[in-house]
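Numbering-wise (my numbering), the sequence shown opens with residue 1 and increments by one. Remarks on the structure that follows.
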Amino acid sequence: MDWLLATTTHAQGQCAMVNKDCIVIAHNFKGYDGQFILNYLVHTACITPTVIMNGTKILSMQALDLKFIDSFNYLPFALAKMPSAFGLKELKKGYFPHFFNTEANQNYVGPYPAASFYGPDDMTSSARAAFYAWYEKQQGKTFNFHEEFLSYCMSDVDILQRCCAQFRRTINELVKVEPFREAITFASTVNLAYRCRFMSQDSIAIIPNLGYHPARQFSLKASRWLSWLGRDLPIQHAWDGGEVRFGNFTVDGYDENMRTVYEFYGCYWQGCPTCFPDLATETHLHRTQYTYNSLYELTLARELALKEQGLKLVTLWEHDFDKQFQKNDTFQDFVRELEFQPPLNPREALYGGRTNATRLYCVEGDMRYVDVCSLYPYVLKHRSFPMGHPEVITEDFQDVISYFGMVFALHQSTWLSGTGADRAVYKRYINTDLLVYGEQCAASDVRQTTRAGGWIKEE
1 MDWLLATTTH AQGQCAMVNK DCIVIAHNFK GYDGQFILNY LVHTACITPT VIMNGTKILS
61 MQALDLKFID SFNYLPFALA KMPSAFGLKE LKKGYFPHFF NTEANQNYVG PYPAASFYGP
121 DDMTSSARAA FYAWYEKQQG KTFNFHEEFL SYCMSDVDIL QRCCAQFRRT INELVKVEPF
181 REAITFASTV NLAYRCRFMS QDSIAIIPNL GYHPARQFSL KASRWLSWLG RDLPIQHAWD
241 GGEVRFGNFT VDGYDENMRT VYEFYGCYWQ GCPTCFPDLA TETHLHRTQY TYNSLYELTL
301 ARELALKEQG LKLVTLWEHD FDKQFQKNDT FQDFVRELEF QPPLNPREAL YGGRTNATRL
361 YCVEGDMRYV DVCSLYPYVL KHRSFPMGHP EVITEDFQDV ISYFGMVFAL HQSTWLSGTG
421 ADRAVYKRYI NTDLLVYGEQ CAASDVRQTT RAGGWIKEE
């Protein structure tokens, strides 16, 4: 590490790294080498690196002008198998007594350590046989721990360096991609190669995080909240009497009797510090003249300006609204009675990869196990996918069967959830959990058997 972080001083007195812009590669970096290097950087070099993690595994680490990656993420097999995989017959990984590598044996010179120190019980049968054939030939020879340790490490580095170089050349020749510089895994390398070399232009649309009408989605939640409060309070808002203006500010809701203003804060639009703590200094994606933090400060300044006019203020952040709504069945029933419905969010229709126990206890004597393989490969190969951004249709609807896409609809069924191929699939949140039921609904009220939501047209 001292060599990697070495610096030099130019004639002008400026200090620069010797190994600037280097990519450091280790096999199983994420689970072994990387842990020690991270500890060194943080506790010894006092450097805070940029790390991409997968659980506790370090996929990539950036420190100063160095990039650390794991060759195992590209070549997921043992280092000993690399030479044959790349046709490098002159290279061969040797054997080393790892269990003999203790502080007391660092200067050992003498007969070769017992075979057990090499861990033969952890080898495959073929590898074990090859090891013992090699070990028999070493009998009577002298084992110098320091020399063998250095030779073993240099051999590992040579194998990894030459195989990674061959891998890089092959990928670059085939698809003109630099796998170690432009990606951190083989999967991301393939993804990049596809996007750069094979994917047609404008063939995949990126769905906006908040749907295609984010401002309308926000105002809808505000209207639901104000309508809910309006059951007991005379609150004037956009859907009931129109919004009220105070000076330069148009407020979401206003109770004239109590001179109370009701404000609904969209977490995304108001720069919520709870939902976006890491983006405080970042430029807002839609309101590009502001950062997330400056939007939050404007929200606080707006509150102060309204209070200075002698108004009382009741506020609610969007994330608090979502929690209240999910946990309150009465609130949900109330919202279903409202005439205004939200714009369709495509992500709401994408509920897959779930399993469900349709029967918890079976009394039949003849039981069989059926393994249903994933449909994803079949669908990816044989079915159609939409291309580009959709046309958003909000009026003059045709029969739903004529569309190719997603639909926001009200659907009535006497089943809370499908339990067979002939029944539709329904999703329902109970508090914060997505639950599926296989029992027939006993309710006779149409409102209790009607579900509003987004579905793929075929559903």
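Every residue gets a Cβ at the ideal spot worked out from N, C-alpha and C, and that includes glycine.
Residue i classed as buried or exposed, judged by whether at least 16 other C-beta atoms fall within 10 angstroms
i: Q62; result: exposed
i: H146; result: exposed
i: N248; result: exposed
i: K20; result: exposed
i: K30; result: buried
i: M258; result: exposed
i: S151; result: exposed
i: G271; result: buried
i: L285; result: exposed
i: P377; result: exposed
i: P97; result: buried
i: N144; result: exposed
i: V335; result: buried
i: Y369; result: exposed
i: R224; result: buried
i: W134; result: exposed
i: L226; result: buried
i: L295; result: buried
i: L360; result: exposed
N-terminal and C-terminal residue of the beta strand (DSSP E) that residue i is part of
i: K312; result: K312 to W317
i: F249; result: F249 to V251
i: F143; result: T142 to N144
Neighbourhood of residue i by C-beta, 6 angstroms cutoff - its chain only, sequence neighbours within 5 removed
i: E256; result: none
i: L75; result: none
i: F186; result: Y74
i: E173; result: none
8 angstroms CB neighbourhood of residue i in its chain, flanking five on each side removed
i: T250; result: E243 and V244
i: L229; result: I235, G253 and Y262
i: V51; result: L38, I58, S60, M61 and Q62
i: T274; result: C267, W317 and H319
i: C22; result: L4, D65, L66 and K67
i: Q309; result: F246 and G247
i: L311; result: F246, R259, T260 and V261
Residue i CB to nearest heavy atom of the ligand ZN below 7 angstroms
i: A127; result: The ligand ZN is not among the ligands present in this structure, which contains no ligands whatsoever.
Three-state class that DSSP yields for residue i in the structure shown
i: C153; result: helix
i: W455; result: strand
i: R383; result: coil
i: C267; result: coil
i: H237; result: strand
i: K323; result: helix
i: C163; result: helix
i: N293; result: helix
i: F68; result: strand
i: F180; result: helix
i: V190; result: helix
i: C196; result: helix
i: I206; result: coil
i: T50; result: strand
i: R245; result: strand
i: M367; result: coil
i: Y437; result: For Y437, the predicted model reports a pLDDT of 48, less than 50, meaning its position is unreliable and no value from the coordinates is stated.
i: T262; result: In the sequence as presented, Thr is not what sits at residue 262; that position holds Tyr. Strand.
i: A78; result: coil
i: I393; result: coil
i: A26; result: strand
i: Y254; result: strand
i: T102; result: coil
i: G420; result: Because G420 carries a pLDDT of 47, less than 50, the predicted location of this residue cannot be relied on, and no value is offered for it.
i: T283; result: strand
Terminal residues of the alpha helix (DSSP H) in which residue i lies
i: G62; result: At residue 62 the sequence reads Gln, which differs from the Gly that was named. Unbroken run through Q62 is the beta strand (DSSP E), K57 to A63; no alpha helix (DSSP H).
i: V109; result: Premise fails: V109 lies in the beta strand (DSSP E), V109 to P111, not in any alpha helix (DSSP H).
i: I37; result: G34 to H43
i: V462; result: As shown, the chain starts at 1 and ends at 459. That puts residue 462 outside it, with no answer to give.
i: A127; result: S125 to K137
Same chain, Cβ closer than 7 angstroms to residue i, five either side skipped, listed in chain order
i: A349; result: M406, G454, W455 and I456
i: I171; result: V177, P179 and T189
i: K307; result: L313
i: V175; result: A193 and R197
i: C164; result: I25 and S71
i: Y118; result: Y95, P97 and F131
i: G420; result: Because the pLDDT at G420 is just 47, under 50, the model does not fix this residue reliably, and the point stays unresolved.
i: T282; result: Reading off the sequence shown, one finds Glu at residue 282, where the question assumed Thr. Answer for E282: T291 and Y292, listed in chain order.
i: R128; result: P120
i: N105; result: F145
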